[in-house]
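These protein sequence lines map, in sequence, to chains A and B. Quick note: the first sequence uses the numbering used here, first residue 1, plus one each step. Quick note: the second sequence uses the numbering used here, first residue 1, plus one each step. Data first, discussion second: the structure below is written as structure tokens.
Number of protein chains: 2
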Amino acid sequence: MLIHRLAVIGVGLIGGSLARALRHAGEVGEIIGCGRGRENLDRAVELGVIDRFTHDIGEAVRGADMVFLAVPLGAMESAFRKMRGNIDVDALITDGGSAKASVVEACQTGLGSLPPGFVPGHPIAGTEKSGVEASFLELYHGRRVILTPTAATSPSALERVTSMWRSCGAEVTRMSVAHHDEVLAATSHLPHMLAFGLVDTLARMDENDEIFRYAAGGFRDFTRIASSNPVMWRDICVANKAALAAMMQRYIEDMEMLAETIRRGDGKQLLEIFSRAKAARDRYIDTASDPGSTE
Amino acid sequence: MLIHRLAVIGVGLIGGSLARALRHAGEVGEIIGCGRGRENLDRAVELGVIDRFTHDIGEAVRGADMVFLAVPLGAMESAFRKMRGNIDVDALITDGGSAKASVVEACQTGLGSLPPGFVPGHPIAGTEKSGVEASFLELYHGRRVILTPTAATSPSALERVTSMWRSCGAEVTRMSVAHHDEVLAATSHLPHMLAFGLVDTLARMDENDEIFRYAAGGFRDFTRIASSNPVMWRDICVANKAALAAMMQRYIEDMEMLAETIRRGDGKQLLEIFSRAKAARDRYIDTASDPGSTE
Numbered sequence: 001m002l003i004h005r006l007a008v009i010g011v012g013l014i015g016g017s018l019a020r021a022l023r024h025a026g027e028v029g030e031i032i033g034c035g036r037g038r039e040n041l042d043r044a045v046e047l048g049v050i051d052r053f054t055h056d057i058g059e060a061v062r063g064a065d066m067v068f069l070a071v072p073l074g075a076m077e078s079a080f081r082k083m084r085g086n087i088d089v090d091a092l093i094t095d096g097g098s099a100k101a102s103v104v105e106a107c108q109t110g111l112g113s114l115p116p117g118f119v120p121g122h123p124i125a126g127t128e129k130s131g132v133e134a135s136f137l138e139l140y141h142g143r144r145v146i147l148t149p150t151a152a153t154s155p156s157a158l159e160r161v162t163s164m165w166r167s168c169g170a171e172v173t174r175m176s177v178a179h180h181d182e183v184l185a186a187t188s189h190l191p192h193m194l195a196f197g198l199v200d201t202l203a204r205m206d207e208n209d210e211i212f213r214y215a216a217g218g219f220r221d222f223t224r225i226a227s228s229n230p231v232m233w234r235d236i237c238v239a240n241k242a243a244l245a246a247m248m249q250r251y252i253e254d255m256e257m258l259a260e261t262i263r264r265g266d267g268k269q270l271l272e273i274f275s276r277a278k279a280a281r282d283r284y285i286d287t288a289s290d291p292g293s294t295e
Numbered sequence: 001m002l003i004h005r006l007a008v009i010g011v012g013l014i015g016g017s018l019a020r021a022l023r024h025a026g027e028v029g030e031i032i033g034c035g036r037g038r039e040n041l042d043r044a045v046e047l048g049v050i051d052r053f054t055h056d057i058g059e060a061v062r063g064a065d066m067v068f069l070a071v072p073l074g075a076m077e078s079a080f081r082k083m084r085g086n087i088d089v090d091a092l093i094t095d096g097g098s099a100k101a102s103v104v105e106a107c108q109t110g111l112g113s114l115p116p117g118f119v120p121g122h123p124i125a126g127t128e129k130s131g132v133e134a135s136f137l138e139l140y141h142g143r144r145v146i147l148t149p150t151a152a153t154s155p156s157a158l159e160r161v162t163s164m165w166r167s168c169g170a171e172v173t174r175m176s177v178a179h180h181d182e183v184l185a186a187t188s189h190l191p192h193m194l195a196f197g198l199v200d201t202l203a204r205m206d207e208n209d210e211i212f213r214y215a216a217g218g219f220r221d222f223t224r225i226a227s228s229n230p231v232m233w234r235d236i237c238v239a240n241k242a243a244l245a246a247m248m249q250r251y252i253e254d255m256e257m258l259a260e261t262i263r264r265g266d267g268k269q270l271l272e273i274f275s276r277a278k279a280a281r282d283r284y285i286d287t288a289s290d291p292g293s294t295e
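Structure, rendered in structure tokens:
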């Protein structure tokens, strides 16, 4: 058994699905849930996702050999602060945050140091739903989990957190914190900004009712991610602002060139751009494993 | 019976589906197909979509009381030119082009005038497939068709083309050519540019293999439209360059403001933008009829 006592801070889709998968794999003894909402935690016990719960983070982590932080990015620092003085010195800590530099900073500030047992992580999985009710056993099957060890992370901690995710069926890769934040800015955070931005631009046009009326299927797919949780995305933007703002700048410059090419009516250049994009997209679809995340 | 002899110039998804629906509705006598590819036209006859075919547009329109132009936007002018001197003076002409000002211009130039029987149109329907093999009876069921009469269009021509589309199950609305082109620039052409642009921006990054590897489900949906036909989109961009370039400029300015808000880490403002966008998107999804187009 990999884990004797697991503390899941934030028992929602992400935390609840990890608990279910570890229980199913027989890799965990006891699971303590922690959160603010009593109803969600009661339901988590009923569903057998956790064994018991507390609203106190300090209490939740005491005696745990693995702590999984699945709270919003904006709540990470305060969660680390509450762990201080309560967490065992050799306990492992990992998390599910969509931006990593900010979580590392939250640990440094909240806990006062980066312990060898801290392994920042990001499972690339999720659905549009939230709460323990939405959690399910197979969420991480075949999904990628990126681990971003700090300079202080011990090799054995990294190994154990890797094993934990593999036992849930995930494919684990490792990269630096900065690289993770750049890659996610490009593949996830930027597309969300484009979708939120497009819907907002159209919504603020005078004839917006009419415009949405004529929006077709492509538009629906394209803007689906603009229905994502605004609070979560505010947190992600603030947490990853440097990498995201740089990526947006790059994209805006490319769009300015494309607008200029259209203005000129340069069909040859347009065909080149669209063909290159289509080829990349078709190649990506051929090689990508089945995806399932909007984060 | 609405139509005695229908000439379908371009027997693909759009033209073929119209022919099938009119036949099924009992609103057409004979259907003449016209196109360049022999194989596709043979297949169209086999499938019963058309009765006979010719490769010569002049011959196809002779004796027809309704002509439907479903050729690429870049081929419209030449198609009109070939109709000149062959089409009956009181025949109706309509089309399926995604940008209307350019089709009106193509008629003026190719045919030498805008006849009273010319009713520019745009069915907001389509799939990613093409060719007569992809056509089907129900393509226009419940879909919107926008008709954009010119100053020369006669009321009776407008009425008859409206009846034709209604008999296929479509919901017909009318607007000016310029307004159509602005609305479509916003709801269809701009989103396609954003998707082509995003995929191209990422494909040109050094670590592009890795970036596509970590792209998740949201990205897949978001960029699906970047797999659309590059030639068709080149034509649309060139045909609607004024309205599209203006729309892109507006969007780029909004994105610059969003990037600046992120750079500042202004969570309050970000939450406002994302909440407004989510509300508009959720409202749109509630009220929109079932969509089915990427054009």
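Beta carbons are placed, not taken as given, at the ideal position from N, Cα and C, and that holds for glycine. Treat the numbers as computed from the prediction; the structure is a model and nothing was measured.
Specify the secondary structure class of residue i as computed by DSSP and reduced to three states.
i, result
"ASP95(B)", "strand"
"VAL71(B)", "coil"
"PHE118(B)", "strand"
"PHE53(A)", "strand"
"VAL28(B)", "strand"
"GLU138(B)", "coil"
"VAL61(B)", "helix"
"CYS34(A)", "strand"
"ARG204(B)", "coil"
"GLU171(A)", "strand"
"ALA280(B)", "helix"
"ASN86(B)", "coil"
"MET1(A)", "coil"
"ALA288(A)", "In this prediction, ALA288(A) scores a pLDDT of 48, lower than 50, which makes its location untrustworthy; the coordinate-derived value is nonetheless stated afterwards. Coil, per DSSP."
"VAL238(B)", "helix"
"SER78(B)", "helix"
"GLU128(B)", "coil"
"ASN40(A)", "helix"
"ASP181(B)", "helix"
"THR162(B)", "helix"
From the DSSP output, which residues share a beta bridge with residue i?
i, result
"THR66(A)", "As written in the sequence, residue 66(A) is Met, which differs from the Thr given in the question. For MET66(A), which the question treats as bridged, DSSP gives the partners LEU6(A) and LEU92(A)."
"SER123(A)", "Correcting the residue identity first, residue 123(A) is Pro in this sequence and not Ser. Answer by DSSP bridge pairing, in chain order: VAL145(A)."
"CYS107(A)", "For CYS107(A), which the question treats as bridged, DSSP gives no partner whatsoever."
"VAL45(B)", "Beta-bridge pairing links VAL45(B) to no other residue."
Starting from the C-beta of residue i, find all residues in its chain whose C-beta is less than 6 Å away, skip the five residues before and the five after it, and write them out in chain order.
i, result
"ALA152(A)", "LEU114 and PRO116"
"ASP290(A)", "Residue confidence for ASP290(A) is low, a pLDDT of 41 falling below 50, so the modelled location carries little weight; the figure read from the coordinates is stated next. Within the same chain, ASP290(A) has no close Cβ partners at all."
"SER167(A)", "ALA25 and GLU27"
Compute the distance between the beta-carbons of residue i and residue j, then report whether it is under 8 Å.
i, j, result
"ALA185(B)", "ALA277(A)", "no"
"PRO120(A)", "LEU198(B)", "no"
"SER154(A)", "HIS122(A)", "no"
"VAL177(A)", "ALA101(A)", "yes"
"SER17(B)", "SER135(B)", "yes"
"LEU22(A)", "MET164(A)", "yes"
"MET66(B)", "ALA91(B)", "yes"
"ASN86(B)", "ARG62(B)", "yes"
"ALA259(A)", "ILE252(B)", "yes"
"LEU73(A)", "ILE236(A)", "yes"
"ALA7(B)", "ALA60(B)", "yes"
"PHE118(A)", "ILE93(A)", "yes"
"HIS4(A)", "GLY29(A)", "yes"
"ILE32(A)", "ALA70(A)", "no"
"THR223(B)", "ARG36(A)", "no"
"ILE273(A)", "ASP200(B)", "yes"
By Cβ distance, which residues of its chain are closer than 7 Å to residue i, with the 5 residues on each side in sequence left out?
i, result
"ARG111(A)", "The amino acid occupying residue 111(A) in the given sequence is Leu; Arg does not appear at that position. Within the same chain, LEU111(A) has close Cβ partners PHE80, MET83 and ARG84."
"LYS208(A)", "Per the sequence presented here, residue 208(A) reads as Asn, with Lys not at that position. Closer than 7 Å at Cβ, skipping near neighbours: LEU202."
"ILE211(A)", "LEU202 and MET205"
"LEU47(A)", "VAL132"
"VAL172(A)", "VAL145, LEU147, THR162, TRP165 and ARG166"
Suppose the cutoff is 8 Å on Cβ atoms and the five residues either side in sequence are ignored; what does the same chain contact list for residue i look like?
i, result
"ASN240(A)", "SER98, ALA99, ALA101, SER102, ASP181, LEU184, ALA185 and HIS189"
"LEU137(A)", "SER17, ARG20, ALA21 and HIS24"
"MET193(B)", "CYS237, LEU244 and MET248"
"SER275(B)", "none"
Select from the stretch 212 to 231 of chain B all residues with a C-beta closer than 9 Å to any C-beta belonging to chain A, and list them in chain order. Result list: PHE212, ARG213, TYR214, ALA215, ALA216, GLY217, GLY218, PHE219, ARG220, ASP221, PHE222, THR223, ARG224, ILE225, ALA226, SER227, SER228, ASN229, PRO230 and VAL231.
Closer than 7 Å between beta carbons: that is the criterion. Which residues of the stretch 269 to 284 of chain B meet it against chain A? Listed by position along the chain: LEU270, LEU271, ILE273, PHE274, SER275, ARG276, ALA277, LYS278, ALA280, ARG281, ASP282 and TYR284.
Identify each residue in the stretch 249 to 269 of chain B for which the Cβ-Cβ distance to at least one residue of chain A is less than 7 Å, and report them in chain order. Flagged, chain order: GLN249, ARG250, TYR251, ILE252, ASP254, MET255, GLU256, LEU258, ALA259, ILE262, ARG263, GLY265 and GLY267.
Chain-ordered residues of the stretch 184 to 201 of chain A with a beta carbon less than 8 Å from chain B: Residues passing the 8 Å Cβ filter: LEU184, ALA186, THR187, SER188, LEU190, PRO191, HIS192, MET193, LEU194, ALA195, PHE196, GLY197, LEU198, VAL199, ASP200 and THR201.
By the 7 Å beta-carbon criterion, what residues does the stretch 85 to 114 of chain A contribute toward chain B? Contact annotation: in the stretch 85 to 114 of chain A, no residue has its CB less than 7 Å from a CB in chain B.
Name the residues in the stretch 129 to 161 of chain A whose C-beta lies less than 8 Å from a C-beta of chain B; which are they? Listed by position, the residues of the stretch 129 to 161 of chain A near chain B (Cβ gap below 8 Å) are ARG144 and ILE146.
What residues in the stretch 43 to 58 of chain A bring their beta carbon closer than 9 Å to a beta carbon of chain B? Cβ contacts with chain B: none found.
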